[in-house]
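The numbering of the sequence shown is the working numbering, which starts it at 214 and goes up by one. The beta-carbon is built from N, C-alpha and C at its ideal position, and this holds for glycine as well. All values reported here derive from a predicted model rather than from experimental measurement. Worksheet: the structure to be examined is printed underneath.
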Amino acid sequence: MTKPVLYDYWRSSASYRVRIALNLKGVDYDRVPINLLENEQQADDYRARNPQGLVPTLEMDGQRLTQSLAVADWLDATIPQPRLLPADPADRAHVLALALTIAADIHPVNNLRILKYLTKLGIDQGARDNWYRHWVAEGFEALEALATPHAGTFLFGDTPTLADICLVPQMYNARRFEQDLAPYPTLVRVDAAATALEAFAAAHPDRVAPAS
Numbered sequence: 214m215t216k217p218v219l220y221d222y223w224r225s226s227a228s229y230r231v232r233i234a235l236n237l238k239g240v241d242y243d244r245v246p247i248n249l250l251e252n253e254q255q256a257d258d259y260r261a262r263n264p265q266g267l268v269p270t271l272e273m274d275g276q277r278l279t280q281s282l283a284v285a286d287w288l289d290a291t292i293p294q295p296r297l298l299p300a301d302p303a304d305r306a307h308v309l310a311l312a313l314t315i316a317a318d319i320h321p322v323n324n325l326r327i328l329k330y331l332t333k334l335g336i337d338q339g340a341r342d343n344w345y346r347h348w349v350a351e352g353f354e355a356l357e358a359l360a361t362p363h364a365g366t367f368l369f370g371d372t373p374t375l376a377d378i379c380l381v382p383q384m385y386n387a388r389r390f391e392q393d394l395a396p397y398p399t400l401v402r403v404d405a406a407a408t409a410l411e412a413f414a415a416a417h418p419d420r421v422a423p424a425s
């Protein structure tokens, strides 16, 4: 059987999510780095794999998969344990809402291509950083309120879910941009619990960064 291949960028939030998901599922895979800073994602051979010109792309079991949450859903369907999404419909909807608060509402307005476009519009670095922190603060405030009533060790209960897979990369990026995390004690506590697990730790950008 051909070993799975993940095309990713070491500091991409979406790639970070998929690395965590693969690790939680116990999947051994090879990485092919795609350097977003050098626009390797726009190369013809890569766009043939992913017409959006985004990372990650996962090639596994004869499938070519894109979009991190879609990849996680496919992994749950093909490798049922451990579950990334609960089986109960109401619980599943809640975990998806937590995950999408990050993946659909915070991350898209703050990812690299958006920040680069703000620069193209003449917006300076300080204003870009303020833009980033504004949307993270707005999203984290909602996420803290949504998660706290049902949180255990993790954002939902005592085992990691897709919500935690989305949270950890976003917390990593928030710290890079010197976000004040004091208003979000549940998120900080859960992030610490998740990053203590090897499946999360092994996916950390520092562990997969290219050699300098």
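Report the three-state DSSP secondary structure of residue i (helix, strand or coil).
{"i": "VAL245", "result": "strand"}
{"i": "GLN294", "result": "coil"}
{"i": "ALA310", "result": "helix"}
{"i": "GLN383", "result": "helix"}
{"i": "GLU391", "result": "coil"}
{"i": "TYR330", "result": "helix"}
{"i": "VAL218", "result": "strand"}
{"i": "ILE370", "result": "Checking the displayed sequence, the identity of residue 370 turns out to be Gly instead of Ile. Looking at GLY370 - three-state DSSP - the assignment turns out to be strand."}
{"i": "ILE414", "result": "According to the sequence displayed, residue 414 carries Ala and not Ile. ALA414: helix per DSSP, three-state reduction."}
{"i": "ALA409", "result": "coil"}
{"i": "ALA317", "result": "helix"}
{"i": "ALA452", "result": "The shown model of the chain, from 214 to 425, leaves out residue 452, and the question about it has no answer."}
{"i": "ALA364", "result": "strand"}
Return the residue from the list the options that minimises the CA-CA distance to residue i.
{"i": "LEU267", "options": "SER228, ARG346, LEU368", "result": "SER228"}
{"i": "LEU297", "options": "ASP241, THR374, SER225", "result": "THR374"}
{"i": "ASP404", "options": "ALA424, ALA422, LEU356", "result": "LEU356"}
{"i": "PHE353", "options": "THR372, GLN392, ARG262", "result": "GLN392"}
{"i": "ALA285", "options": "ILE233, ILE319, ASP241", "result": "ILE233"}
{"i": "ASN323", "options": "ALA350, HIS417, PRO396, ASP274", "result": "ALA350"}
{"i": "THR215", "options": "TYR222, ASN236, VAL240, ASP221", "result": "VAL240"}
{"i": "SER225", "options": "LEU368, PRO269, LEU331, ALA415", "result": "PRO269"}
{"i": "PHE367", "options": "ARG402, ARG389, PRO396", "result": "ARG402"}
If you draw a straight line from the C-alpha of residue i to the C-alpha of residue j, how long is it?
{"i": "GLU411", "j": "VAL421", "result": "14 angstroms"}
{"i": "ASP258", "j": "PRO264", "result": "10 angstroms"}
{"i": "ASP301", "j": "THR372", "result": "15 angstroms"}
{"i": "HIS307", "j": "VAL231", "result": "20 angstroms"}
{"i": "ASP337", "j": "ALA387", "result": "19 angstroms"}
{"i": "ALA283", "j": "ALA358", "result": "25 angstroms"}
{"i": "LEU235", "j": "LEU288", "result": "8 angstroms"}
{"i": "THR408", "j": "HIS417", "result": "8 angstroms"}
{"i": "ASP342", "j": "TYR222", "result": "21 angstroms"}
{"i": "GLN280", "j": "ASP243", "result": "18 angstroms"}
{"i": "LYS329", "j": "PRO398", "result": "31 angstroms"}
{"i": "ALA406", "j": "ALA256", "result": "38 angstroms"}
{"i": "ALA261", "j": "ALA395", "result": "44 angstroms"}
So, is the C-beta of residue i closer than 8 angstroms to a C-beta in chain D?
{"i": "ARG262", "result": "Here chain D cannot be found, since the structure has a single protein chain."}
Please confirm whether any heavy atom of the ligand SAM lies closer than 7 angstroms to the CB of residue i.
{"i": "LEU359", "result": "With respect to the ligand SAM, the structure offers nothing, as it holds no ligand at all."}
Practice item. Would you check if the stretch 363–374 and the stretch 299–314 touch, i.e. whether three or more CB-CB distances between them fall below 8 angstroms? Key: They touch, by the three-pair rule.
**Study point:** Runs of alpha helix (DSSP H) lying entirely within the stretch 255–283, each at least 4 residues, in chain order
**Key:** Runs of the alpha helix (DSSP H) lying entirely within the stretch 255–283, each at least 4 residues long, are 257–262 in chain order.
Check your understanding: How do the stretch 232–248 and the stretch 344–353 stand: do at least 3 beta-carbon pairs fall below 8 angstroms, yes or no?
Key -> Taking one beta carbon from each stretch, the stretch 232–248 and the stretch 344–353 have fewer than 3 pairs nearer than 8 angstroms; the two do not touch.
Review point. Just checking, does the stretch 313–331 make contact with the stretch 370–388 on the three C-beta pairs under 8 angstroms criterion?
Key: Cβ pair count under 8 angstroms is three or more, so yes.
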